[in-house]
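Only one structure is covered here, and it is reproduced in the block below.
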Amino acid sequence: MSRSLLLIAGVVSIAAVINGQCATADNANCANWKRNGFCTNQAYAKTMLQQYCPIACGNESGCNPTTSPGTGTNTTTAEENANCQKWAESKDTMFCASATITLAQKKTFCKKVCAADIAMADDCGVYLLDADKVKPLAASKTAATVALTNAATPITIAAIYAKEKCKIDMYADAAPSAADLADATKILQTLTGSATVVTAKADAAAAGAQSYLCTCTP
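Just so you know, the sequence shown maps onto residues -20 to -1, 1 to 198 in mature numbering (1 follows the signal peptide of the UniProt record, and there is no 0).
This is the structure in structure tokens:
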């Protein structure tokens, strides 16, 4: 998405929208968002297209079979999307944990539900898939190995997190040895956080990880 999509003016109408229903008009930025791939980006739920760009994304949202550049007539103050909790918990969307949805977009659409992800107070962390829902596990600020424990058995990692200048390494053992920590081949998946990317979907190997190591640089 271009910077013009990220710097959203905050003018959104959510009148007449209840879950899967279509809004009556487009957000003022829809024409530009559409040019930058908003309608076809699978990271955005269909309900999101229905609420913000039902006309511009007519085909993708299912609201209007004939797409247009976007009406751009909305002037109402933006509010938290009613579907944020559902998007955040969805293993397909993983809105708050998504690497393809920027922090600015999370702040615009779901600043309350994604508050912890936006604040980036923790150095590293993981998101678990528990009862088919994505949930954040208590994050860490320590350089010690963190064993992953959860009521769900077996543990399934949905995504990993490392804030800017921090790195998270995922391991198969709950208590990897010093030799394992020194062996790069023992790392199932690694992520180094940057100014723009702080999350990544867990790959097939890391989904079953039992611990992680978080290290940060000044």
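Where is the CB? At the ideal position from N, CA and C, for every residue including glycine. None of the values given here were measured: they were computed from a predicted structure.
Legend entry - Residue range of the unbroken beta strand (DSSP E) whose run includes Ile140: Taking the sequence shown and counting its residues from 1, one reaches residue 140 at position 160. Where Ile140 is concerned, the enclosing beta strand (DSSP E) stretches over Ile137 to Ala142.
Legend entry - Sequence-distant residues of its chain with Cβ nearer than 8 Å to Lys166 (five each side left out): If you number the sequence shown from 1, residue 166 lands on position 186. Cβ within range, chain order: Tyr151, Ala152, Pro156 and Asp160.
Inset, instruction - Name, in chain order, the residues that DSSP records as bridge partners for Met100. - result: As a first step, residue 100 is located in the sequence shown; it is residue number 120 there, counting from the start. In DSSP, Met100 forms no bridge with anything.
Inset, instruction - Could you have a look at Met28 and say whether DSSP puts it in helix, strand or coil? - result: The residue labelled residue 28 in the question sits at position 48 within the sequence shown. Of the three classes helix, strand and coil, the one that applies to Met28 here is helix, per DSSP.
Legend entry - Contacts around Trp67, its chain only, beta-carbon distance under 6 Å, and the 5 residues preceding and following it disregarded: Counted from its first residue, the sequence shown places residue 67 at position 87. Closer than 6 Å at the Cβ level, and outside the excluded window around Trp67, lie Ala25, Thr73 and Phe75.
Legend entry - Spatial neighbours of Leu32 in its chain, beta-carbon cut-off 6 Å, leaving aside the 5 residues before and after: Stepping through the sequence shown from its first residue, residue 32 is reached at position 52. Checking the sequence shown, residue 32 turns out to be Tyr, not Leu. Hits under 6 Å: Asn7.
Legend entry - Spatially closest choice to Trp13 from Lys91, Met28 and Thr4, by CA coordinates: Counting from one through the sequence shown, the residue named residue 13 turns up at place 33. The residue with the shortest Cα to Cα distance from Trp13 is Met28.
Legend entry - Residue burial classification, Asp97 (beta-carbon count within 10 angstroms, cutoff 16): Along the sequence shown, one-based indexing puts residue 97 at 117. Looking at its Cβ environment, which holds 16 or more other Cβ atoms inside 10 Å, Asp97 is buried.
Legend entry - With 16 other Cβ atoms within 10 Å as the buried cut-off, status of Ile134: The residue given as residue 134 occupies position 154 in the sequence shown. Before going further, note that residue 134 is Pro rather than Ile in the sequence given. Exposed, since its Cβ has fewer than 16 Cβ neighbours within 10 Å.
Inset, instruction - Over the uninterrupted beta strand (DSSP E) stretch that includes Thr20, give me the two end residues. - result: One-based indexing of the sequence shown puts residue 20 at position 40. From DSSP, Thr20 is part of no beta strand (DSSP E); its letter is neither H nor E.
Inset, instruction - Determine the closest residue to Asp103 out of Gln30, Ser120, Lys91 and Gln190, with distance taken between C-alpha atoms. - result: For the purposes of this step, residue 103 is taken as the residue at position 123 of the sequence shown. Per the Cα distances, Ser120.
Legend entry - Check whether Ala138 and Leu108 have beta carbons under 8 Å apart: Locating residue 138 in the sequence shown gives position 158, counting from the first residue. Locating residue 108 in the sequence shown gives position 128, counting from the first residue. In this structure, Leu108 lies closer than 8 Å to Ala138 by Cβ.
Legend entry - Whether Glu69 touches Lys91 by CB criterion (8 Å): Within the sequence shown, residue 69 is the residue found at index 89, counting from 1. Within the sequence shown, residue 91 is the residue found at index 111, counting from 1. At a Cβ-Cβ threshold of 8 Å, Glu69 and Lys91 do not count as neighbours.
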